[in-house]
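Some notes on the structure that comes next.
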Amino acid sequence: MQLVKPLFLLGFMGCGKSTLGKKLANALNVPHLDLDHMLEEQFGMSIADFINSKGEEAFRLQESRLLKEWIAKPCIMSLGGGAPCFHDNMSTIRNKGVSIYLNYPVKTLAQRLSTSGDSRPLIAGLKGEDLEIKISDLLSNREQYYLQAEWVYEFSETKMDPKKWILQKLSEVDR
Ligand SMILES: Nc1ncnc2c1ncn2[C@@H]1O[C@H](COP(=O)(O)OP(=O)(O)OP(=O)(O)O)[C@@H](O)[C@H]1O
Ligand SMILES: O=C(O)C1=C[C@@H](O)[C@@H](O)[C@H](O)C1
Ligand SMILES: [Mg+2]
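Residue numbering for the sequence shown follows full-length UniProt numbering, beginning at 1 and increasing consecutively.
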């Protein structure tokens, strides 16, 4: 199966966009791009350092600029957790490729994020119930954007491995 346009992975921090992106790109033999990593390269510093020194609004502007400037090509692109939810990024994403929302329960996200330390500034220092509350709060605003994705992978319903699920969907549209 051959990708003809980018496949964008989106969803909340910790849903596995970066981890899965690498695996999918390997399986499909296409490049793996990670919007956070592309920005870190341009900034010459980590996302956390950028947000902590210049603020979230400056980060969102940079994120949106790069998404718009980027010339679409067949690849897997793992987006940042907030990327679809600011400016008109979701339209840019939908115009440039196929978008997939990886929808995971709050508890799973919290478990995975409980060891992230200071690397994710929006949830830095939060643990246990406080972390779950913060995730739920952010999600209640963000879900309206995530749900604009072309495909939605529901972890709790399918329990099927997301890589398998996506490869299956791709083979169906290929036919
Ligand atoms: N399928 C999985 N099962 C268990 N743990 C996972 C899985 N996928 C990712 N993780 C773990 O969850 C954490 C977050 O994963 P990852 O960095 O891929 O998420 P992300 O969606 O890219 O997050 P961000 O929006 O912050 O970039 C990592 O510690 C990773 O090892
Ligand atoms: O969900 C978010 O807002 C973020 C997620 C990360 O991927 C980074 O883009 C950054 O830490 C912000
Ligand atoms: Mg990531």
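For each residue, glycine too, the CB sits at the ideal point set by N, CA and C. No experiment lies behind these values; they were computed from the predicted model shown.
DSSP state of residue i mapped onto helix, strand, coil
i, result
"Tyr-145", "helix"
"Ser-46", "coil"
"Phe-86", "coil"
"Asp-34", "strand"
"Asn-29", "coil"
"Gly-150", "For the record, residue 150 in the displayed sequence is Glu; it is not Gly. In this structure, Glu-150 counts as coil in the three-state DSSP scheme."
"Ser-64", "helix"
Residue i and residue j closer than 7 Å at C-beta
i, j, result
"Pro-74", "Val-4", "yes"
"Asn-95", "Leu-67", "no"
"Ala-110", "Leu-131", "yes"
"Leu-35", "Gly-21", "no"
"Ala-149", "Tyr-101", "yes"
"Gly-51", "Phe-43", "It is Ile, not Gly, that sits at residue 51 in the sequence shown. Cβ atoms of Ile-51 and Phe-43: not closer than 7 Å."
"Lys-163", "Lys-23", "yes"
"Leu-113", "Gly-11", "no"
Inter-residue spacing [alpha-carbon to alpha-carbon] between residue i and residue j
i, j, result
"Glu-57", "Arg-65", "12 Å"
"Lys-107", "Ala-72", "34 Å"
"Gln-62", "Arg-142", "19 Å"
"Gln-2", "Trp-165", "16 Å"
"Ser-53", "Met-45", "10 Å"
"Asn-26", "Arg-120", "26 Å"
"Lys-169", "Leu-7", "12 Å"
"Leu-33", "Glu-41", "12 Å"
"Ile-123", "Tyr-145", "20 Å"
Near ligand 3: residue i beta-carbon under 6 Å from a heavy atom
i, result
"Lys-17", "yes"
"Ser-46", "no"
"Ser-119", "no"
"Ser-78", "yes"
beta-carbon residue i near ligand 2 non-hydrogen atom, thresh 6 Å
i, result
"Arg-94", "no"
"Leu-139", "no"
Proximity test, residue i beta-carbon vs ligand 1 heavy atom, cut-off 6 Å
i, result
"Arg-112", "yes"
Taking 8 Å as the cut-off, does the segment 77–93 touch the segment 151–166 (at least 3 CB pairs, one atom from each stretch)?
no
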